[in-house]
């Protein structure tokens, strides 16, 4: 079994867990608090970021997209119609564009800030940047949620899955991101019916189950978080 | 000939130009000012970011890493020992980690801020965020250059090319980033002999020539910028 260094409330880590889950491959999970900057952790990844996969031979594979490409090259290519990636280079580019949209663009405009302010700061020591949430940062991140929900709604309304006819990494990247925001009660689903219908389908997949039981100390999820028919 | 929407001072765009240059494939370049948010440009990429490649059939391929994967899948695989990527999934992961290091991590800690403050703000209209440079942002970005130079120096000192024995995308991503910072005179090469020796080698490659003649209105490069024996 391979090992994943992760944090339960990082969208990038959830994305990797979903991908392994879709392929029915269990991961040994080690929860890492990157802000403590443990020596052994920095030796695996001098960038000090998550996720890190310890692959065959305990070689560290660093970063969500890098792990997803590795997973595709070593497992995905054998999965035929269950492959989370496409064969065609143009379709692969579209899937990668959407991975990047959620795990880089939405992450840097919304998710990272809300997780830092609402989840991490209350548990981080002051020396590592902990303390009271910055309400300005929260407000700025919240103002950006709407465009990402609108875009997701548009994608879900024009395609059966976000990158086309099949479940791909694009759905997992989007669902990983939205699941973190949903845990925090940041999403108003009423305005985004197509996105909601799509998210209900993703959330019902067996790969999603472990994410729905994730809990963070001192911060309960919204009441509908684990509800498959919300 | 394919078309690239780019900006001459964006490391992500320089990376793509270098990659096509290494494969001896010319690109039609269209300089885009993303802050003007042209309608035709947003139709190609709703994220409003650069670079965008118009590939075969004028299909837009969005983002530097997405373009580099597409280029590898459609051209690189045929290039044998000139391929800018590895065959082995582990080595591919290491190359992708380094692309991410320079085009995402260094970009968000250093390059983006210095380019915005020193190159773009003076030419952007006030309504798009133009105006006087923010000296605090410049100071913060400059404080981060040293660790990236130290890391580059370490890589260059322990490997012939940054990801191993051959020129790969990792070298192009690093060189693209450093070339932007070098244009701006932000790099003190004296302290980083191994990085300097490696950069001199990259800079001497034919693919680099077009970058050395790039000029930005109102901002001349440092005197050694285009000097191959600096």
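Chains as they are written, first to last, in the UniProt record's numbering: chain B, 1 to 230; chain Z, 1 to 230.
Where a beta carbon is used, it is the ideal one built from N, C-alpha and C, also for glycine.
Under the three-state reduction of DSSP, which class applies to residue 206 of chain B: helix, strand or coil?
Counting from 1 along the first chain, the entry for residue 206 of chain B is found at position 206. Looking at residue 206 of chain B - three-state DSSP - the assignment turns out to be helix.
Where does residue 34 of chain Z sit, in a helix, a strand or coil, going by DSSP?
Position 34 of the second chain, counting from 1, holds the residue named residue 34 of chain Z. Helix at residue 34 of chain Z.
What in chain Z is Cβ-close to residue 74 of chain B, meaning under 8 Å?
Translated into positions along the first chain, residue 74 of chain B becomes position 74. Per Cβ cutoff of 8 Å: 89.
Return the residue from the list B/99, B/87 and B/74 that minimises the CA-CA distance to residue 92 of chain Z.
Within the second chain, residue 92 of chain Z is the residue found at index 92, counting from 1. Cα-wise, what sits closest to residue 92 of chain Z is B/74.
CA-to-CA distance, residue 123 of chain B to residue 219 of chain B, given in whole angstroms
Taking the first chain and counting its residues from 1, the one referred to as residue 219 of chain B is at position 219. Taking the first chain and counting its residues from 1, the one referred to as residue 123 of chain B is at position 123. If you take the alpha carbons of residue 219 of chain B and residue 123 of chain B, they lie about 11 Å apart.
Short CB-CB distance (under 8 Å) between residue 46 of chain B and chain Z
Within the first chain, residue 46 of chain B is the residue found at index 46, counting from 1. Yes, because at least one Cβ of chain Z sits closer than 8 Å to the Cβ of residue 46 of chain B.
Should residue 102 of chain Z be flagged as near chain B, meaning a C-beta pair shorter than 8 Å?
Locating residue 102 of chain Z in the second chain gives position 102, counting from the first residue. Chain B, which has no Cβ nearer than 8 Å to the Cβ of residue 102 of chain Z, makes this no.
On the CB-based measure, 16 or more other CB atoms within 10 Å of its CB, does residue 6 of chain Z come out buried or exposed?
Position 6 of the second chain holds residue 6 of chain Z. Buried: at least 16 other Cβ atoms inside 10 Å.
What residues from chain B crowd round residue 105 of chain Z, counting only those whose CB sits closer than 7 Å?
Taking the first residue of the second chain as position 1, residue 105 of chain Z is located at position 105. Residues of chain B passing the Cβ test: 47.
For a contact meaning CB atoms closer than 7 Å, what does residue 70 of chain B contact in chain Z?
Working through the first chain from its first residue, we reach residue 70 of chain B at position 70. Chain Z residues near residue 70 of chain B: 89 and 93.
Can you list, in chain order, the stretches of the alpha helix (DSSP H) that have 4 or more residues and sit fully within the UniProt domain "GST C-terminal" (88-222) of chain B?
The UniProt domain "GST C-terminal" (88-222) of chain B contains these whole alpha helix (DSSP H) runs: 89-100, 135-158, 169-183, 193-203 and 209-212.
Give the residues from the UniProt domain "GST C-terminal" (88-222) of chain B that approach chain Z closer than 8 Å (Cβ to any Cβ), ordered along the chain.
Within the UniProt domain "GST C-terminal" (88-222) of chain B, 89, 90, 92, 93, 96, 97, 100, 101, 104, 105, 108 and 151 place their CB atoms closer than 8 Å to a CB of chain Z, listed in sequence order.
Count the CB pairs spanning the stretch 94-107 of chain Z and the stretch 162-169 of chain Z that are closer than 8 Å, and state whether there are at least three.
The stretch 94-107 of chain Z, when compared against the stretch 162-169 of chain Z, does touch it at the 8 Å Cβ threshold.
Can you give me the C-alpha to C-alpha distance between residue 16 of chain Z and residue 226 of chain B, rounded to a whole angstrom?
For the purposes of this step, residue 16 of chain Z is identified with residue 16 of the second chain, where counting begins at 1. For the purposes of this step, residue 226 of chain B is identified with residue 226 of the first chain, where counting begins at 1. Using only the alpha carbons, I get a separation of about 43 Å.
Alpha carbon to alpha carbon, how far is residue 149 of chain B from residue 194 of chain B? Give it in angstroms, no decimals.
Here residue 194 of chain B corresponds to residue number 194 of the first chain, with the count starting at 1. Here residue 149 of chain B corresponds to residue number 149 of the first chain, with the count starting at 1. Approximately 10 Å, taken between the alpha carbons.
Whole-angstrom Cβ separation of residue 141 of chain B and residue 114 of chain B, contact assumed at under 8 Å?
Counted from its first residue, the first chain places residue 141 of chain B at position 141. Counted from its first residue, the first chain places residue 114 of chain B at position 114. The beta-carbon distance between residue 141 of chain B and residue 114 of chain B, rounded to whole angstroms, is 5 Å. This is short enough to meet the 8 Å contact definition.
For chain B, find out if any of its Cβ atoms is closer than 8 Å to the Cβ of residue 52 of chain Z; answer yes or no.
Indexing the second chain from 1 puts residue 52 of chain Z at position 52. No, because no Cβ of chain B sits closer than 8 Å to the Cβ of residue 52 of chain Z.
Delimiting residues of the beta strand (DSSP E) encompassing residue 3 of chain B
The residue labelled residue 3 of chain B in the question sits at position 3 within the first chain. Note, residue 3 of chain B: beta strand (DSSP E), 2-6.
I'd like to know whether the C-beta of residue 61 of chain B is nearer than 8 Å to at least one C-beta of chain Z.
Here the question's residue 61 of chain B lines up with position 61 in the first chain. Contacts with chain Z at 8 Å (Cβ-Cβ) include residue 61 of chain B.
So, are the CB atoms of residue 67 of chain B and residue 53 of chain B less than 8 Å apart?
Start at 1 with the first residue of the first chain, and residue 67 of chain B comes out as number 67. Start at 1 with the first residue of the first chain, and residue 53 of chain B comes out as number 53. In this structure, residue 53 of chain B lies closer than 8 Å to residue 67 of chain B by Cβ.
Anyone know if the C-beta pair for residue 202 of chain Z and residue 175 of chain Z falls short of 8 Å?
By 1-based counting over the second chain, the position of residue 202 of chain Z is 202. By 1-based counting over the second chain, the position of residue 175 of chain Z is 175. Taking 8 Å as the Cβ cut-off, residue 202 of chain Z and residue 175 of chain Z qualify as a contacting pair.
Taking only the alpha-carbon atoms, compute the straight-line gap between residue 200 of chain B and residue 51 of chain B and give it to the nearest angstrom.
Numbered from its first residue, the first chain carries residue 200 of chain B at position 200. Numbered from its first residue, the first chain carries residue 51 of chain B at position 51. Using only the alpha carbons, I get a separation of about 26 Å.
Under DSSP, the beta strand (DSSP E) around residue 54 of chain B begins and ends at which residues?
Residue 54 of chain B sits at position 54 when you count from the first residue of the first chain. Segment 52-54, the beta strand (DSSP E) holding residue 54 of chain B.
Answer with yes or no whether the minimum CB distance from residue 66 of chain B to chain Z is below 8 Å.
Here the question's residue 66 of chain B lines up with position 66 in the first chain. For residue 66 of chain B, the answer is yes, since a Cβ of chain Z falls inside 8 Å of its Cβ.
Quick check: the Cα distance between residue 178 of chain B and residue 146 of chain Z, rounded to an integer number of angstroms?
Stepping through the first chain from its first residue, residue 178 of chain B is reached at position 178. Stepping through the second chain from its first residue, residue 146 of chain Z is reached at position 146. Looking at the two C-alpha atoms, the distance is approximately 36 Å.
Going by alpha carbons, who is nearest to residue 185 of chain B out of B/125, B/126 and B/118?
Position 185 of the first chain, counted from the first residue, corresponds to residue 185 of chain B. Comparing Cα-Cα distances from residue 185 of chain B to each of B/125, B/126 and B/118, the minimum goes to B/118.
Residue 16 of chain Z lies in the alpha helix (DSSP H); which residues open and close that run?
Looking up residue 16 of chain Z in the second chain gives position 16. For residue 16 of chain Z, the uninterrupted alpha helix (DSSP H) run begins and ends at 11-22, by DSSP.
Same chain, Cβ closer than 7 Å to residue 196 of chain Z, five either side skipped, listed in chain order:
Locating residue 196 of chain Z in the second chain gives position 196, where the first residue counts as 1. Answer for residue 196 of chain Z: 189, listed in chain order.
May I ask which residues mark the beginning and end of the beta strand (DSSP E) holding residue 62 of chain B?
Counting from one through the first chain, the residue named residue 62 of chain B turns up at place 62. Here the beta strand (DSSP E) through residue 62 of chain B covers 60-62.
Give the range of the alpha helix (DSSP H) segment to which residue 86 of chain B is assigned.
Residue numbering aside, residue 86 of chain B sits at position 86 when the first chain is read from its first letter. Taken as a continuous stretch (DSSP letters only), residue 86 of chain B belongs to no alpha helix (DSSP H), as it is neither H nor E.
Terminal residues of the alpha helix (DSSP H) in which residue 43 of chain B lies
Working through the first chain from its first residue, we reach residue 43 of chain B at position 43. 39-44 is the extent of the alpha helix (DSSP H) around residue 43 of chain B.
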